[in-house]
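Everything on this sheet refers to the single structure shown next.
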Amino acid sequence: MNDYSRKSSVTEMMRQLQWTPLSERRRMQRLTFFFKIMNDLVAVPADSMHIFKNNRSQRQSHSQKKKAVQVISTSTNVYKNSFTPKTILDWNSLPEALINSRKPEEFKAALQDTH
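Just so we're aligned: the sequence shown equals residues 46 to 160 in the numbering used here.
Below you can see the structure in the form of structure tokens.
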């Protein structure tokens, strides 16, 4: 990997090195921290972060996750891309088996396997 040309593709180099993109590493860190919040493993109360379990009943054709979180309505891109709203959307899209992990280490390993 001795390609120092200005026209070299950093993305291609990262692919060759099999590095996980920064955006994906950040997503995994956000979700791991969220897992810890949801399981009371950190001193951050979920309600102080406006994180509430989704108690709405959905139509029977839609499966309801036991640990789904209520999506926060946002009106600005700045807030939409902040930790809580962005992570809730990612969290609710995870498979239930992943959400139901018992330990943060299990969660993180399973999350990496889904990548």
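Just so it is clear, CB atoms sit at the ideal spot from N, CA and C, and this is done for glycine as well. Note that this is a predicted model, so its numbers are computed, not measured.
Residue interval of the alpha helix (DSSP H) (run including LYS153)
Position 108 of the sequence shown, counted from the start, is the residue given in the question as residue 153. Here the alpha helix (DSSP H) through LYS153 covers 149-159.
Just curious, the alpha helix (DSSP H) that PRO140 is in, first and last residue?
What you label residue 140 is simply residue 95 of the sequence shown in a count that begins at 1. Per DSSP, PRO140 lies in no alpha helix (DSSP H) and is assigned neither H nor E.
Let's test the definition: count the other Cβ atoms within 10 Å of the Cβ of VAL114 and tell me whether it reaches 16, buried, or not, exposed.
By one-based count along the sequence shown, residue 114 stands at place 69. Flag for VAL114 reads buried.
Using the Cα positions of LYS81 and MET46, report the straight-line distance between them to the nearest angstrom.
Locating residue 81 in the sequence shown gives position 36, where the first residue counts as 1. Locating residue 46 in the sequence shown gives position 1, where the first residue counts as 1. Answer to the nearest angstrom: the Cα atoms are 38 Å apart.
Measuring CA to CA, which of LYS131, ARG70, ASN145 and ARG60 is closest to HIS95?
Taking the sequence shown and counting its residues from 1, the one referred to as residue 95 is at position 50. Ranked by how close their Cα comes to the Cα of HIS95, the residues LYS131, ARG70, ASN145 and ARG60 have LYS131 in first place.
Around the Cβ of LEU134, are there at least 16 other Cβ atoms within 10 angstroms (buried) or fewer (exposed)?
In the sequence shown, the residue the question calls residue 134 occupies position 89. The Cβ neighbour count for LEU134, taken over all protein chains shown within 10 Å, is under 16; the residue is labelled exposed.
By the three-class DSSP mapping on this structure, what secondary structure does LYS131 have?
Indexing the sequence shown from 1 puts residue 131 at position 86. In the structure shown, LYS131 sits in a helix (DSSP, three-state: H, G or I).
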